[in-house]
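S.K.: Numbering (the working numbering), first residue to last: 7 to 209. C-beta atoms are modelled at their ideal positions from N, C-alpha and C, and glycine is treated no differently.
(1) Considering only the beta carbon of each residue, do residue 100 and residue 35 sit closer than 8 Å?
(2) Please work out which residues of its chain come closer than 6 Å, Cβ to Cβ, to residue 204, disregarding the five sequence neighbours upstream and downstream, and give them in chain order.
(3) Assuming residue 60 contacts residue 85 under a Cβ cut-off of 8 Å, what Cβ separation, rounded to an integer in Å, is found between them?
(4) I believe residue 174 touches residue 98 by the beta-carbon criterion, under 8 Å. Please report the beta-carbon distance rounded to the nearest angstrom.
(5) DSSP beta-bridge partners for residue 135?
(6) How big is the Cα-Cα spacing for residue 198 and residue 58?
(7) Can you tell me the Cα-Cα spacing of residue 54 and residue 62, whole angstroms?
(8) Do you know how far the Cα of residue 89 is from the Cα of residue 119?
(9) Tell me the residue span of the beta strand (DSSP E) that contains residue 33.
(10) Quick one: what does DSSP say residue 199 is sitting in, helix, strand or coil?
(11) Taking 7 Å as the limit between beta carbons, can you name the residues of its chain near residue 78, skipping five residues before and five after?
(12) What residue range is occupied by the uninterrupted beta strand (DSSP E) comprising residue 70?
(13) How far does the beta strand (DSSP E) with residue 90 in it reach, from first residue to last?
(14) On the DSSP bridge assignment, give the partners of residue 174 in chain order.
(15) Over what stretch of residues does the beta strand (DSSP E) that includes residue 47 continue unbroken?
(16) Measure the alpha-carbon distance for residue 179 versus residue 43 and round it to whole angstroms.
(17) From residue 46 to residue 176, what does the alpha carbon distance come to, in whole angstroms?
(18) The beta strand (DSSP E) with residue 189 in it runs from where to where?
(19) Could you name the residues of the same chain whose beta carbon sits closer than 8 Å to that of residue 66, not counting the 5 residues immediately before and after it, in chain order?
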């Protein structure tokens with residue numbers, strides 16, 4: 007329930023900072039233009055005077071940007087158990103690779119109360135993990151596919167589970183928090199079982 011309330015608050019609340027845009031469209035970036043003996047600061051707010059809450063290595067890769075500031079100068083990223091803002095001028099977009107299903111490689115979804123996680127294979131299967139158990143399920147259908155998906159419109163609908171108890175699920179853009187940390191995510195998962203709800207990450 008805590009995760010559901012947190013997610014709904016993120017989806018419909020006004021932006022926390024004035025220099026923030028919504029909804030986020032997550033993508034992977036690499037740090038660029040930072041000297042080898044230096045680091046890229048992650049700040050508590052999207053401005054250069056905000057407190058430094060973390061750093062990124064000068065050659066860091068697979069940095070997931072979950073949203074940009076309104077003017078596009080700052081990127082929201084995770085550092086440790088928190089989310090902060092770093093200068094967009096020092097980030098370069100990486101090419102996003104997709105599985106044959108059209109899902110981003112490395113995509114995982116997860117939730118709490120109880121804990122669960124979902125990873126996707128290259129074939130029409132997913133692995134669903136809950137405490138003490140991992141079960142492989144078939145994916146009956148997936149939309150869109152690799153021919154129609156784009157990095158600017160990450161929206162998926164698919165059916166998984168058994169024939170007797172199929173689950174219709176969606177992965178959609180939207181600010182999400184796992185309810186256990188201050189990390190931020192740009193995709194969320196929801197299905198018709200309960201419903202089960204959680205956050206998704208590209209790495």
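M.R.: On the basis of the supplied data:
(1) Counting from one through the chain shown, the residue named residue 100 turns up at place 94. Counting from one through the chain shown, the residue named residue 35 turns up at place 29. It is a contact, given that the beta carbons lie within the stated cut-off.
(2) Walking along the chain shown from the start, residue 204 turns up at place 198. Only 115, 116, 117 and 195 meet the Cβ criterion.
(3) Position 54 of the chain shown, counted from the start, is the residue given in the question as residue 60. Position 79 of the chain shown, counted from the start, is the residue given in the question as residue 85. At roughly 3 Å, the Cβ-Cβ gap stays under 8 Å, so residue 60 and residue 85 are in contact.
(4) Translated into positions along the chain shown, residue 174 becomes position 168. Translated into positions along the chain shown, residue 98 becomes position 92. Wrong, their Cβ atoms sit about 37 Å apart, outside the cutoff.
(5) Mapped onto the chain shown, residue 135 falls at position 129. In DSSP, residue 135 forms a bridge with 123 and 140.
(6) As a working note, residue 198 is residue 192 in the chain shown. As a working note, residue 58 is residue 52 in the chain shown. Their backbone Cα atoms lie some 41 Å apart in a straight line.
(7) Counted from its first residue, the chain shown places residue 54 at position 48. Counted from its first residue, the chain shown places residue 62 at position 56. Straight-line spacing of the CA atoms in residue 54 and residue 62 works out to 16 Å.
(8) Start at 1 with the first residue of the chain shown, and residue 119 comes out as number 113. Start at 1 with the first residue of the chain shown, and residue 89 comes out as number 83. Taking the straight line from one Cα to the other gives about 22 Å.
(9) Locating residue 33 in the chain shown gives position 27, counting from the first residue. Start and end: 33-37.
(10) Reading the chain shown from its first residue, position 193 is the one you call residue 199. Coil, per DSSP.
(11) Locating residue 78 in the chain shown gives position 72, counting from the first residue. So the list reads 94, once near-sequence residues are dropped.
(12) Position 64 of the chain shown, counting from 1, holds the residue named residue 70. Boundaries of the beta strand (DSSP E) around residue 70: 69-71.
(13) Position 84 of the chain shown, counting from 1, holds the residue named residue 90. Per DSSP, residue 90 belongs to the beta strand (DSSP E) from 88-93.
(14) Your numbering for residue 174 matches position 168 in the chain shown. DSSP, once it has assigned bridges, lists 165 as partnering residue 174.
(15) Looking up residue 47 in the chain shown gives position 41. From DSSP, the beta strand (DSSP E) with residue 47 extends over 45-49.
(16) Sequence index remark: in the chain shown, residue 179 carries index 173 (1-based). Sequence index remark: in the chain shown, residue 43 carries index 37 (1-based). Straight-line Cα distance between these residues: approximately 36 Å.
(17) Against the chain shown, residue 46 aligns to sequence position 40. Against the chain shown, residue 176 aligns to sequence position 170. Roughly 35 Å separates the two Cα atoms.
(18) Locating residue 189 in the chain shown gives position 183, where the first residue counts as 1. Premise fails: residue 189 is in no beta strand (DSSP E) and is neither H nor E.
(19) If you number the chain shown from 1, residue 66 lands on position 60. So the list reads 36, 37 and 46, once near-sequence residues are dropped.
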